[in-house]
Amino acid sequence: MKPPKKDPANKWVGVCMTPALIGQFEVDKSIVVIIDVLRATTTMCAAFDNGVRSMIPVLTKEEGFALQKEGYLVAGERNGVQVEGFDFGNSPFSFTADKVKGKDIVITTTNGTHALRTAVSHNAKEILIGSFANLNILAEYLIQQNENVVLLCAGYKNRPNLEDTIFAGAMVRRLRPRFNRYEDTALIAETLFRNANRRKRYFLRNSSHFSRLFHRLQIQKDVKYALRTDTHNVLPKLFGDQLVALGTPYAEELAKKQSKPKRKKSPSTKDKQEKVSK
61 MKPPKKDPAN KWVGVCMTPA LIGQFEVDKS IVVIIDVLRA TTTMCAAFDN
111 GVRSMIPVLT KEEGFALQKE GYLVAGERNG VQVEGFDFGN SPFSFTADKV
161 KGKDIVITTT NGTHALRTAV SHNAKEILIG SFANLNILAE YLIQQNENVV
211 LLCAGYKNRP NLEDTIFAGA MVRRLRPRFN RYEDTALIAE TLFRNANRRK
261 RYFLRNSSHF SRLFHRLQIQ KDVKYALRTD THNVLPKLFG DQLVALGTPY
311 AEELAKKQSK PKRKKSPSTK DKQEKVSK
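Mapping of the sequence shown onto this note's numbering: residues 61 to 338, in sequence order.
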């Protein structure tokens, strides 16, 4: 059977297996989806589904502590363990509605927030949060927008990992044939997903990050939860320095602010006089 021909009119979907490779993609002309299945992007979806108003991703613990002094709740981990002194770790079960509804929460994680800030530093056209938890709503949005897509896997400390790549493959599978695959990383990811689908936990049993969380840190509940599909019908998007769930009043407020054209600065009296004198 012949492979389907690529439609040159189609947009493409690419898979960046680690933030270290982001320079290989035209992220300034693409929607970038941040993927950290275990556990940052899964946890973000859970938090927004439980009413968080916004999440502010930062790179360092020090930034988190500084904002905590200003009154923000702060969440984060390093190497899977909650940062001592923070209000939350990185478990999707910590962000219950009674604790987080209507709150703005600062978050820093080993891999997820690093990937997000990397996309920001490369001037990504738009940044979204993706996980198995919100696969369907994310896929529908990407199809509707019809823009080139970069699926940015957070990996582990700038190295590829299996679970993020499998999710990227699931998304590639959902977007084709409307989108063309961009190079072989998208094909690799899709092939992995096709082999792992319906037995993801078994497929991941020997992977490094899965073993680290599931066996060493005993976070089995979180891992099982992160591999479930479409548990949250939310789509977080970055507005400035804040992640906000699309469709909420706060997201609409921020979108209006972004869409307002900047007013041209009227020339001062001094400028007018200088122009006349010339």
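A virtual CB, placed ideally from N, CA and C, is assigned to each residue, including glycine.
Taking 8 Å as the limit between beta carbons, can you name the residues of its chain near Thr251, skipping five residues before and five after?
Gly229
List the endpoints of the continuous beta strand (DSSP E) containing Lys138.
Inspection of the sequence shows that residue 138 is occupied by Arg rather than by Lys. Taken as a continuous stretch (DSSP letters only), the beta strand (DSSP E) holding Arg138 covers 133 to 138.
For Leu306, collect the residues of the same chain with a Cβ closer than 6 Å to its Cβ; drop the 5 residues on either side in sequence, then sort them by chain order.
Leu295, Lys297
Ordered list of beta strand (DSSP E) runs contained in the region 148 to 215, each at least 3 residues:
164 to 168, 186 to 190, 209 to 213
Looking at the secondary structure, which residues open and close the beta strand (DSSP E) in which Pro296 lies?
296 to 299
So is Asp301 buried or exposed if we call it buried at 16+ other beta carbons inside 10 Å?
exposed
List the endpoints of the continuous beta strand (DSSP E) containing Asn240.
239 to 242
Does the region 131 to 143 come close enough to the region 177 to 189 to have 3 or more Cβ pairs within less than 8 Å?
no
Are the beta-carbon atoms belonging to Ser319 and Glu207 less than 8 Å from one another?
no
Going along the chain, which residues of its own chain have a beta-carbon closer than 6 Å to the beta-carbon of Arg99, five neighbours each way excluded?
Asn150, Asp282, Ala286
Checking the sheet assignment: what are the DSSP bridge partners for Ala80?
Answer by DSSP bridge pairing: none, since Ala80 is not bridged.
Beta-carbon gap between Phe192 and Thr289 smaller than 8 Å
yes
May I ask you to list the residues that DSSP assigns as paired with Gly74?
Val210, Tyr242
Give the single residue among Thr225, Gly111, His174 whose Cα lies nearest to the Cα of Leu119.
His174
For chain C, check one thing: does any of its Cβ atoms lie closer than 8 Å to the Cβ of Cys76?
Given the protein chain composition of this structure (a single chain), no chain C is represented.
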